[in-house]
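Oh and the sequence shown: position 220 is 335 in my numbering, straight run, nothing missing.
To start, the structure itself, in C-alpha cells.
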Amino acid sequence: MRRAGALLAGLGLLLAGCGGGSKANATKTTTTRVEVVKGSDSGAAAFDPQAIYKREAPGVVTIFSVSGLTAGGGGLGSGFVLNGEGEIATNTHVVTEGKDQAIKKVGHVYVEFSDGNRVPARILGIDPDADVALLKIDPAGLNLHPLPLGDSDKVDVGEPVAAMGSPFGEQQSLSVGVVSAIDRSVDSLTKFQISGAIQTDAAINPGNSGGPLVNGAGEVLGLNQQIQSQSGGGEGVGFAVPIDLAKRSIGQLREQGRVDYAYLGVSTAPVYPQLAQHFRLPVKRGAWVQTVTAGGPAEKAGIRGGRPGEEAFQAERVRVGGDVIVKVGAQPVNDSSDLAVDVARLQPGQTVPVVFYRGSQKRTIEVKLAKRPEAVRVTGG
Numbered sequence: 116m117r118r119a120g121a122l123l124a125g126l127g128l129l130l131a132g133c134g135g136g137s138k139a140n141a142t143k144t145t146t147t148r149v150e151v152v153k154g155s156d157s158g159a160a161a162f163d164p165q166a167i168y169k170r171e172a173p174g175v176v177t178i179f180s181v182s183g184l185t186a187g188g189g190g191l192g193s194g195f196v197l198n199g200e201g202e203i204a205t206n207t208h209v210v211t212e213g214k215d216q217a218i219k220k221v222g223h224v225y226v227e228f229s230d231g232n233r234v235p236a237r238i239l240g241i242d243p244d245a246d247v248a249l250l251k252i253d254p255a256g257l258n259l260h261p262l263p264l265g266d267s268d269k270v271d272v273g274e275p276v277a278a279m280g281s282p283f284g285e286q287q288s289l290s291v292g293v294v295s296a297i298d299r300s301v302d303s304l305t306k307f308q309i310s311g312a313i314q315t316d317a318a319i320n321p322g323n324s325g326g327p328l329v330n331g332a333g334e335v336l337g338l339n340q341q342i343q344s345q346s347g348g349g350e351g352v353g354f355a356v357p358i359d360l361a362k363r364s365i366g367q368l369r370e371q372g373r374v375d376y377a378y379l380g381v382s383t384a385p386v387y388p389q390l391a392q393h394f395r396l397p398v399k400r401g402a403w404v405q406t407v408t409a410g411g412p413a414e415k416a417g418i419r420g421g422r423p424g425e426e427a428f429q430a431e432r433v434r435v436g437g438d439v440i441v442k443v444g445a446q447p448v449n450d451s452s453d454l455a456v457d458v459a460r461l462q463p464g465q466t467v468p469v470v471f472y473r474g475s476q477k478r479t480i481e482v483k484l485a486k487r488p489e490a491v492r493v494t495g496g
C-alpha cells in the first residue's frame, strides 16, 4: 500500500509532575467498582453519538509515558478498559520508543481516567507486529467501565463509527464518521504489515493512538492506530487495528507476555481478472507467489515462486511462473491481504493444507507453519 506520510497517532510532549504526586494516587482504598458498559441493541440504524459518548467515555483513558525517572521525555496516547481486573489496551508505540531494529519500553506509564484519577500502570506485554500493548493497573478504589469488544470481521463499509481518545492532549474527545474501507494493510513497528486494518474518516490525530473505534452499538471494532497525512494532521484517512487481531494479541500477552505468529515464508502479488487473462492464469482471484523464503515452510513444502526477472503489466512489475494460492486451511484466498490474515490466525507449528494452482493443475500440499522471525529487538521493562 502506497501512502504519503503515514503517521502513528501518538503525541510527543514534555511531562511534568506525572510521577504519582496527585491526590488521586495518594488515596488508597480497597474497593473496586466495575460497571460493565453494555452495547446498545439499536445498531447502526439509530447511530447516536451523544449516547455513545455518555456510555463509553468512562471506559476510555489517557496514557502518559515517561522515558526515565524524571520528566523531560515521553508521550501521550489513549486506551480503554478491558475488564474489572484493571487491564488496559493501547498501542505498542504509545508505551515504547524506537522502531525497526530496536524497540525499548518506556520507564514509566500512567493511566488517567475520565473522573480525574491517575494511577501508575505496568506493561504486561507488547506486540510490535500488531501495534498492540496490554497494561495493568491496580483497580483498588477505582470505578472501572470495561468496554464491550465487537467483531471486526463483520464490519461493513459505510457503517457509522466513533473514535474516542485524547487528540493533541484534548482528553475524552469524540469524533464521528464512517468505515471508509476494510482489509487495508498498514505499517506496524516491524517489517511486517498489519493486515485487515479498518480505514475511517472519523478524525484521528496524534494522541488518539490506542483509543477505541466503536460502532453504533458501542462495541470496540479496533484500536485507533495511525493517519495518512501530507500535513501531519487528520485528513479523513485514519486506520485502526482490527479488534479480532487485537484480541489474539491480548490473549497471548496475558498468558505469556509475548505474541507468536505463524509464518509461511512467501511474498505474493494479488491476482485480478485482467492480470489473470494477460498471464493466462487459471483463476481470476488469488495470491500469486513471487518469491519464497529460503529454508522457510513454503519452500520446504515445495511451493514455488516466480522465475527471476520481472515483467510489467498495468504499472506493476511481477515475476511470472509462480504458484497461485487460493486457499489456506478452510479459508479462501482472494488476494495477498487474505493470505496474510489467514496465516496470522493460525499457530506456529500447525500443519495446514494449502491449495494452489501450478499452471493449470490444482494441487493441495500440507505445510507445517513456522514461527515468524523476530523483526525487532525489544528491551526495557
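Idealized CB from N, CA, C, for every residue including glycine.
A quick note: this is a predicted structure, and the numbers were derived from the prediction, not measured.
In summary, lysine 442 is buried, with 16 or more beta-carbon neighbours lying within 10 Å of its beta-carbon over all protein chains present. Assigned with DSSP and collapsed to three states, serine 451 falls in helix. The Cβ-Cβ distance between leucine 262 and glutamate 202 does not fall below 8 Å. In the structure shown, the three-state DSSP call for serine 303 is coil.
Phenylalanine 162 carries a coil assignment under DSSP once its states are collapsed to helix, strand and coil. Burial check for alanine 217: the Cβ neighbour count within 10 Å stays below 16, so the residue is exposed. In summary, glycine 280 is buried, with 16 or more beta-carbon neighbours lying within 10 Å of its beta-carbon over all protein chains present. Checking the DSSP bridge columns, you'll see glutamine 446 partnered with Val443. Distances from the CA of proline 385 to each of Gly194, Gly401 and Ile309 were compared; the closest alpha carbon is that of Gly401. No Cβ-Cβ contact shorter than 8 Å links glutamine 405 with phenylalanine 354.
The alpha-carbon separation between alanine 204 and glutamate 425 amounts to approximately 43 Å. With fewer than 16 other Cβ atoms inside 10 Å of its own Cβ, glycine 366 counts as exposed. Looking at the backbone, the Cα of aspartate 375 and that of glutamine 462 are separated by about 8 Å. Runs of the alpha helix (DSSP H) lying entirely within the segment 334-402, each at least 4 residues long, are 358-371 and 388-393 in chain order.
Within the same chain, and ignoring the five residues on either side of isoleucine 252 in sequence, the residues whose Cβ sits closer than 6 Å to its Cβ are Gly201, Val226, Val234 and Ala236. In this chain, the alpha helix (DSSP H) harbouring glutamate 414 covers 412-416. Approximately 5 Å separates the beta-carbon atoms of glycine 192 and isoleucine 178; this is inside 8 Å, confirming the contact. Residue state for proline 235 is assigned as strand, using DSSP reduced to three classes.
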